[in-house]
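Under this note's numbering, the residues of the sequence shown are numbered 1 to 175, in order. Below you'll find the structure, written out as structure tokens, and then a few comments.
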Amino acid sequence: MARILGYVASSLDGFIAAPDESLQWLFTRGDMVLGEHHYELFIKRIGTVVMGRTTYDWLARQESPWAYGEQRVIVVTSRPIADPRGPLETRPDVEALIAELRALDDGDVWMMGGGKLQMAFIERGALDELEIYLISSIIGGGFPLFPPTGFTASPTLLSAQSLGGGGARLHYRFD
Numbered sequence: 001m002a003r004i005l006g007y008v009a010s011s012l013d014g015f016i017a018a019p020d021e022s023l024q025w026l027f028t029r030g031d032m033v034l035g036e037h038h039y040e041l042f043i044k045r046i047g048t049v050v051m052g053r054t055t056y057d058w059l060a061r062q063e064s065p066w067a068y069g070e071q072r073v074i075v076v077t078s079r080p081i082a083d084p085r086g087p088l089e090t091r092p093d094v095e096a097l098i099a100e101l102r103a104l105d106d107g108d109v110w111m112m113g114g115g116k117l118q119m120a121f122i123e124r125g126a127l128d129e130l131e132i133y134l135i136s137s138i139i140g141g142g143f144p145l146f147p148p149t150g151f152t153a154s155p156t157l158l159s160a161q162s163l164g165g166g167g168a169r170l171h172y173r174f175d
């Protein structure tokens, strides 16, 4: 059974992207030491990447090559994607997708990108663990780590680790 994981960076004031969708703030802290938690190591154990349509559309606008050729990619959307950037599948139904993901046995599942889809999985008890990389930057607004839905949860903090002057890693489990 696949584990469904979140791995996301947040500004100190709780945003995952600036109002203009920029992630430039994320790269201003070159003093972070990720070590065993580096993205390059994380992505190696991922068999499936799941993202929402907003995250996919943002990635599709980037000039960089499609980065997920080694993973199965599923975009949660009810709208067709014309001329996709890379190989991907679409799913409109979160409930059915959760059951499908749980049946996988080819690696972990990464809930990539925005908090809206991650919150939908949290609300359904389907996010197993969450790593938040808290970056020592205040960006003043943008896209929140989690949208306000009224849902409450108390995940278990597994670890908190300083990554140098640039930030911290917070690792949670949802029971």
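Backbone N, C-alpha and C fix where the C-beta goes; we use that ideal spot for every residue, glycine too. All figures in this text were calculated on a predicted structure; none of them were measured in a lab.
Of the listed residues the options, nearest to residue i (C-alpha basis)
i	options	result
residue 13	126, 143, 123, 110	143
residue 131	112, 125, 153	112
residue 124	133, 110, 152	152
residue 37	84, 9, 16	9
residue 166	3, 28, 4, 15	28
residue 1	48, 31, 149, 30	48
residue 116	53, 3, 30, 64	53
residue 15	148, 44, 171, 69	148
Exposed unless 16 or more other CB atoms sit within 10 angstroms - verdict on residue i
i	result
residue 120	buried
residue 118	buried
residue 79	exposed
residue 96	exposed
residue 127	buried
residue 11	buried
residue 145	buried
residue 35	exposed
residue 101	buried
Inter-residue spacing [alpha-carbon to alpha-carbon] between residue i and residue j
i	j	result
residue 51	residue 107	16 angstroms
residue 103	residue 72	14 angstroms
residue 88	residue 33	32 angstroms
residue 140	residue 99	38 angstroms
residue 26	residue 137	8 angstroms
residue 122	residue 60	26 angstroms
residue 93	residue 21	26 angstroms
residue 58	residue 114	11 angstroms
residue 4	residue 164	28 angstroms
residue 158	residue 129	9 angstroms
residue 150	residue 170	22 angstroms
Cut-off 8 angstroms between Cβ atoms - residues of its own chain near residue i, not counting five sequence neighbours on either side
i	result
residue 175	155, 156
residue 90	74, 75, 76, 77, 80, 81
residue 39	7
residue 30	166
Spatial neighbours of residue i in its chain, beta-carbon cut-off 7 angstroms, leaving aside the 5 residues before and after
i	result
residue 23	17
residue 168	134, 160, 161, 162
residue 68	49, 86
Other residues of its chain near residue i: CB distance less than 6 angstroms, five sequence neighbours each side excluded
i	result
residue 66	85, 86
residue 46	71, 107, 108, 110
residue 62	none
residue 42	7
residue 56	75
residue 19	141, 142
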